[in-house]
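Protein sequences appear in the order of chains A and B. Mapping of the first sequence onto full-length UniProt numbering: residues 1 to 198, in sequence order. Mapping of the second sequence onto full-length UniProt numbering: residues 1 to 198, in sequence order. For every residue, glycine included, the Cβ atom is placed at its ideal position computed from N, Cα and C.
Protein chains: 2
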Amino acid sequence: MSSPEIDALAQALARLPGLGPRSARRAVLHLLKRRETALVPLIAALQSVAANLSTCEICGNVDTRNPCGVCTDPRRDVRQLCVVEEVADLWALDRSRLFPGRFHVLGGRLSALDGVTPEDLSIAALVARVRAGGIEEVVLAMNATIEGATTMHYIAEQLRGLGVRVMQLAHGMPVGGELDYLDEGTLAQALRARRLVD
Amino acid sequence: MSSPEIDALAQALARLPGLGPRSARRAVLHLLKRRETALVPLIAALQSVAANLSTCEICGNVDTRNPCGVCTDPRRDVRQLCVVEEVADLWALDRSRLFPGRFHVLGGRLSALDGVTPEDLSIAALVARVRAGGIEEVVLAMNATIEGATTMHYIAEQLRGLGVRVMQLAHGMPVGGELDYLDEGTLAQALRARRLVD
């Protein structure tokens, strides 16, 4: 790998999450051996995205359209809004197709440690969306972390009195989870939220 | 991920070795969020390689120069030649900087199962390089597999009588290896090649 161009490509690929220096070199080799079937199509795909990239002005999703494909989808139930921390969370929930409504991306979570305040997140825009009317239920789908919970409670406070149901995700044992391997916090949640056997 | 451009990029990335669908989506998100610092530089690195890509006419290495950087490096000992199966093997050995000579890439290994015959590999070119003179030692650095060994013995036969020392790599316990976890073949090799304690 003495060529500077190949080195530069390996370094650019190694910066992607999930690829270390070793797998980046394997990826480079894969691309070098398949110029027409892998290298050229990858360049085209990247260029197409780079040329059309934008952030949705309504929900904060990253898409090649603005407003994004989720916000313009006529089959979505506009009465339900799911609030998430990051675009990755929106994609994860959207892939599962379990949520029929639209989304709102905060762009992070409140964090005293990292100096993230409500002004750094898309909270004012969320309140404005709810105030504009038409939304009946807001699901606060934050991560199950301390910062996620702090963010959730702060937003719930902001939405109080706006006439929407503010919901949170259920906590408990993950499907397939084994009691013996669960952390104490999850166990406590699962016990606290216990319900009658169907 | 409803945009076809983003889907196409995720699929192109997922085809790279080491990236599955999930990590490809994370990589896409990483690129989308860092248009100027990650997406644009990656496109530039790929284009630069695609524009200059070539296979070295001497050794079969993939490089942006032809002859490649290894073959044109004046500090290399031209009397020593290391024969490897794939370009990845050349890179692995070259990174370790343990071999001071030049390389020869076969482009695969003999395989009755996959129908790979000597004519499919760069063996005639290897014999021609050795016949051309100047080479004193050939190290056959094939993989320690049945097919690697078959290939090694075939090439050793072709090089017989050409006045070069034909060597193979040592087999035995890997550094840091624990006896209890080694396979029987490695144990047998390590025992067979035993030597006096220094």
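Checklist line | For N52/B, the nearest candidate out of G161/A, E86/A, R35/A (CA to CA) | finding: For the purposes of this step, residue 52/B is taken as residue 52 along the second sequence, with counting starting at 1. Closest by alpha carbon: R35/A.
Notebook entry, point to check: Under a CB-based cut-off of 8 Å, is R25/B close to chain A?
Noted result: Mapped onto the second sequence, residue 25/B falls at position 25. Nearest CB-CB separation between R25/B and chain A: below the 8 Å threshold.
Next item on the list: Rounded to whole angstroms, what's the CA-CA distance from I123/B to Q80/B? Just pull it up for me.
Entry: Reading the second sequence from its first residue, position 123 is the one you call residue 123/B. Reading the second sequence from its first residue, position 80 is the one you call residue 80/B. Inter-residue distance for I123/B and Q80/B is about 17 Å (C-alpha atoms, whole angstroms).
Margin query: Suppose you measure from the CA of residue 200/B to the CA of G18/A; what does that come to, to the nearest Å?
Written below: Outside the displayed range of chain B (1 to 198) lies residue 200/B, so it cannot be described from this structure.
Check: Should D114/B be labelled buried (16 or more other beta-carbon atoms within 10 Å of its own) or exposed?
Finding: The residue you call residue 114/B lines up with position 114 of the second sequence. Classification of D114/B: exposed, given that the 10 Å Cβ count is below 16.
Next item on the list: Would you kindly check if the distance between the Cβ of D63/A and the Cβ of G69/A is under 8 Å?
Entry: Position 69 of the first sequence, counted from the start, is the residue given in the question as residue 69/A. Position 63 of the first sequence, counted from the start, is the residue given in the question as residue 63/A. In contact: G69/A and D63/A (Cβ atoms closer than 8 Å).
Margin query: Can you tell me whether L182/A is helix, strand or coil according to DSSP?
Written below: As a working mapping, residue 182/A is identified with position 182 in the first sequence. L182/A falls in the coil class under three-state DSSP.
Notebook entry, point to check: What number of angstroms, rounded off, separates the C-alpha of S3/A from the C-alpha of G107/B?
Noted result: Locating residue 3/A in the first sequence gives position 3, counting from the first residue. Locating residue 107/B in the second sequence gives position 107, counting from the first residue. Each residue's alpha carbon lies about 20 Å from the other.
Check: Where L29/B and L187/B are concerned, what is the direct C-alpha to C-alpha distance, given to the nearest angstrom?
Finding: Within the second sequence, the letter at position 29 stands for residue 29/B. Within the second sequence, the letter at position 187 stands for residue 187/B. The straight-line gap from Cα to Cα measures roughly 46 Å.
Check: Which of the residues in the stretch 44-56 of chain A, read from start to end, lie with their CB under 7 Å from any CB of chain B?
Finding: Of all residues in the stretch 44-56 of chain A, those with a C-beta nearer than 7 Å to a C-beta of chain B are A45, L46, Q47, S48, V49, A50, N52, L53, reading in chain order.
Notebook entry, point to check: Which residue from G60/B, R75/B, A112/B puts its Cα closest to that of A88/B?
Noted result: As a position in the second sequence, residue 88/B is number 88, starting the count at 1. With distances taken between Cα atoms, A88/B lies closest to G60/B.
Next item on the list: Please classify A144/B: is it buried, with 16 or more other beta-carbons within 10 angstroms of its beta-carbon, or exposed?
Entry: In the second sequence, residue 144/B corresponds to position 144, counting from 1. Its Cβ having fewer than 16 others within 10 Å, A144/B is exposed.
Check: For the candidate residues V166/B, R165/B, V84/B, D183/B, whose alpha-carbon lies nearest to that of G172/B?
Finding: The residue labelled residue 172/B in the question sits at position 172 within the second sequence. Closest by alpha carbon: D183/B.
Checklist line | Proximal residues to H56/B (C-beta, below 7 Å), its chain only, five neighbours per side dropped | finding: Taking the first residue of the second sequence as position 1, residue 56/B is located at position 56. Looking at the sequence itself, residue 56/B is Cys, so the reference to His does not match. If we look at C56/B and ignore the five residues flanking it on each side, its Cβ neighbours are D63, N66, P67, C68, C71.
Margin query: Among the candidates E86/A, S54/A, P100/A, whose CA atom is the shortest distance from the CA of P74/A?
Written below: On the first sequence, position 74 is the one that residue 74/A refers to. When each option's Cα is compared against that of P74/A, the closest is P100/A.
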